[in-house]
Amino acid sequence: MTPALNVEGISVALGGREVLRDVGFSLAPGAFCGLIGANGSGKTTLLRTILGFTAPSAGRVTLGGAVGYVPQKLQLDPDMPIRARDFVELGLNGHRFGFPFPSRARRARVEELLSAVDAKTFADQRIGELSGGQQQRVLIAHALIREPKLLLLDEPLANLDLRAAAEIIALLKRVAAQGVAVLISAHDMNPLLRAMDRIVYLANGRAASGKTQDVVRTEVLSALYGYHIDVIRVHERILVVAGEHGAHGHEHVAAIP
Amino acid sequence: MFEPYMLDAWIVATLVALAAGCAGYFVVLRGAGFAAHALPMAAFPGAALAGLLGIARFYGLAVFALGGVAGLAWLKRAQRPDAATALVLVAMLGLGALFLSLSGQYSNAVYALLFGQILGVGAADLPPAFGIGIGVPVVLLLCFRPLTYSALVPDLAATRGLSGAGLDLLFLGLLAVTSAVALPIAGALLVFTLMVGPAAAARNLVRAPLPALGVSIILALLIAWAALALAYLTGLPSGFFVGTLSAAAYLAARLTRRLSP
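For the record, the sequence lines run as chains A and B. Take the first sequence: its letters are residues 1282 to 1538, numbered as in the working numbering. Take the second sequence: its letters are residues 48 to 308, numbered as in the working numbering.
Pasting the structure below:
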């Protein structure tokens, strides 16, 4: 089976600084993968490289089909005269020039996507007035309307409360079950633990990838960070903790989200 | 007020309102309010210089307004602070004052160009007015979806091959020629209100994009016609009525939305 995404040994330098070094992984259709790392670990850079916004200095990215992208947050004026359904439709034809004649087929397709993400109840509201979770749903419908093989999401859970986050994860799980590879960036892996079957863990510009239980282990993460890391499991949650011996022998303990 | 000599004024006001109502929708959508205020100011000395050289006012205005687009694009690329842009605008205003005083038609002309005087519109203003009254809405409708998409989510639009900078330049160019034709009617300082007022009011009245554009155009037409009639009846500058009616339309629309469930 052709992978939905194949990243082969990419390195990316931004402003003379090497942000990613020899990062490689591959996603099969239907994979549900977390892209985990602290702020500044290169998650956004990796997503931008997959999207083609940033050119890697080495390596290459191969896509199995169209890519849907869900940005972190919409920054919109709440007065903007764009309803949720108009926004979803832009995913289909937003790049097209020509008179914007309405079409019945397009409207039906938009309707289909709105119900797929449970957004029908607020489809006629201005998108700027929707809550964070509702906007995420609309953004996901907008990305899915072109039937992508790969869905990239940039910190979709960052501004959501626990319940909204759980709903979005359940929705994305359904999307993956239909054969779309889903790659979600997050600084905290815990909300995704039950849903994800793969993980790409970024630290120090390098990546470890594979099944979650194979990657989130003391040996693997210690090698990635370059110093000793403890992986602690508490009540089905995972804490990744750095125990570092400083120059004066004091122990610095910091939780790495 | 419907005498034959007023016919040109009615036609020009109608065409300008069509273009301004349409361009204004995108001014508000794309957050280009500053450019919409800046371009007429940049165009102002063009009218004065055209008077000095004895050529048609529109050409002077259009050249200076398009120069303003290039200037704005350059200042944006050079990441100049707002202060530099504001100083350039004030300098343009001063330059216009100089040209006007050199041409010896100082006070009346300044008054008409800064605050608008539609009763001074003549047959020479008709061709450019027809050009923008039809051309600007047609081009904007053809670019309706890309202009909307790139304004809402530039990142997503870029993934579909839309260049934000290219669309910006196209839009500002249309804004420049619209300003050039609308300036004598609404005035350099007030033409901005004819674009922003109706569009800002429209988005409070309707939620969907195309209906909002339609309402914006209708409000711009009503405001332009009312301003022309009131200017004729009172002898006051049309720009005053354009400005106050636009602001009133916006306030009324906000109030309507606040009061409706």
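Even glycine gets a Cβ: it sits at the ideal position worked out from N, Cα and C.
Query: Say whether the segment 1343-1352 of chain A touches the segment 169-179 of chain B, bearing in mind that this needs 3 or more beta-carbon pairs closer than 8 Å, one atom from each stretch.; Result: no
Query: So what's C1314 (chain A) in DSSP terms, helix, strand or just coil?; Result: strand
Query: Tell me which same chain residues have a C-beta within less than 7 Å of the C-beta of A278 (chain B), skipping the five on either side of it?; Result: I165, L166, P284, S285, F288
Query: I'd like to know if H1516 (chain A) contacts chain B, where contact means its C-beta is closer than 8 Å to some C-beta of that chain.; Result: no
Query: Here's a check: name, in chain order, each residue in its chain whose Cβ is nearer than 6 Å to the Cβ of H1529 (chain A), leaving out the five neighbours to either side.; Result: Any reading at H1529 (chain A) must be qualified, since the residue scores a pLDDT of 39, below 50, and its modelled position is unreliable; no value is offered.
Query: By how many angstroms is the C-alpha of N1287 (chain A) removed from the C-alpha of A85 (chain B)?; Result: 48 Å
Query: Examine chain B for any beta-carbon lying closer than 8 Å to the beta-carbon of F1380 (chain A), and answer yes or no.; Result: yes
Query: Return the chain-ordered list of same chain residues with a C-beta closer than 8 Å to the C-beta of T240 (chain B), the five sequence neighbours on each side being excluded.; Result: A233, V289, G290, S293, A294
Query: Under 7 Å between beta-carbons, which chain A residues line up against L257 (chain B)? List them in chain order, please.; Result: P1381
Query: Would the segment 210-226 of chain B count as touching the segment 100-113 of chain B if we require 3 or more Cβ pairs under 8 Å?; Result: yes
Query: So what does Y1350 (chain A) bridge to, in DSSP terms?; Result: A:L1433
Query: Taking V168 (chain B) and V243 (chain B) to be in contact with their CB atoms under 8 Å, please state how far apart those CB atoms are, rounded to whole angstroms.; Result: In fact, because the Cβ distance is near 22 Å, the residues do not count as touching under 8 Å.
Query: Would you kindly check if the distance between the Cβ of L1344 (chain A) and the Cβ of V200 (chain B) is under 8 Å?; Result: no
Query: What residue range is occupied by the uninterrupted alpha helix (DSSP H) comprising N251 (chain B)?; Result: 238-252
Query: Could you tell me whether the segment 1424-1438 of chain A touches the segment 1325-1335 of chain A, using the rule of 3 or more Cβ pairs below 8 Å?; Result: yes
Query: Quick one: is the Cβ of L1432 (chain A) within less than 7 Å of any heavy atom of the ligand SAH?; Result: As for the ligand SAH, it is missing from this structure, which has no ligand bound.
Query: Run down chain A in chain order and give the residues with a C-beta less than 8 Å from the C-beta of P284 (chain B).; Result: Those within 8 Å of P284 (chain B) in chain A number zero; the least Cβ separation is about 30 Å.
Query: Measuring only the C-alpha atoms, how far is A1285 (chain A) from F1368 (chain A)?; Result: 26 Å
Query: What number of angstroms, rounded off, separates the C-alpha of V1461 (chain A) from the C-alpha of A259 (chain B)?; Result: 36 Å
Query: Would you say E1448 (chain A) and G1414 (chain A) are within 8 Å of each other, going by their C-beta atoms?; Result: yes
Query: Could you tell me whether any Cβ in chain B is nearer than 8 Å to the Cβ of N1374 (chain A)?; Result: yes
Query: From L1273 (chain A) to L1420 (chain A), what distance separates their C-alpha atoms?; Result: What the structure shows of chain A is the stretch from 1282 to 1538, and residue 1273 (chain A) is not part of that stretch, so it cannot be assessed.
Query: Looking at L216 (chain B) and F120 (chain B), is the spacing between their C-beta atoms short of 8 Å?; Result: It is worth fixing the name first, because residue 120 (chain B) is Ala in this sequence and not Phe. Yes, they are a contact pair.
Query: By the DSSP assignment, the beta strand (DSSP E) with I264 (chain B) in it spans what residues?; Result: Per DSSP, I264 (chain B) belongs to no beta strand (DSSP E); it is in the alpha helix (DSSP H), 256-281.
Query: Flag this pair as touching only if the segment 1484-1497 of chain A and the segment 1299-1316 of chain A have three or more C-beta atom pairs under 8 Å; answer yes or no.; Result: yes
Query: Relative to the alpha-carbon of R304 (chain B), which residue among A:V1521, A:P1359, A:G1340, A:A1439 has its alpha-carbon at the smallest distance?; Result: A:P1359
Query: Got a sec? Which residues, its chain only, sit under 8 Å from S1307 (chain A) by beta carbon, not counting five neighbours each side?; Result: P1284, L1286, N1287, V1288
Query: Considering only the beta carbon of each residue, do L142 (chain B) and P92 (chain B) sit closer than 8 Å?; Result: yes
Query: Is there contact here, the segment 1326-1342 of chain A with the segment 1400-1413 of chain A, by at least three beta-carbon pairs under 8 Å?; Result: no
Query: Name the chain B residues whose beta carbon is nearer than 7 Å to that of R1377 (chain A)?; Result: R192
Query: Using beta carbons (cut-off 8 Å, strictly below), is R77 (chain B) in contact with chain A?; Result: no
Query: Establish whether the CB of V1534 (chain A) and some CB of chain B are separated by less than 8 Å.; Result: Its pLDDT being 46, under 50, V1534 (chain A) is placed unreliably in this model, and the coordinates cannot settle the point.
Query: How many angstroms separate the CA atom of I1426 (chain A) from the CA atom of L1373 (chain A)?; Result: 6 Å
Query: Closer than 9 Å by beta-carbon distance: list the chain A residues that pair up with G208 (chain B), in chain order.; Result: H1376
Query: Going by C-alpha to C-alpha distance, which of A:G1311, A:M1282, A:R1329 sits closest to S1292 (chain A)?; Result: A:R1329
Query: Any contact of the segment 94-103 of chain B with the segment 70-79 of chain B, i.e. 3+ C-beta pairs under 8 Å?; Result: no
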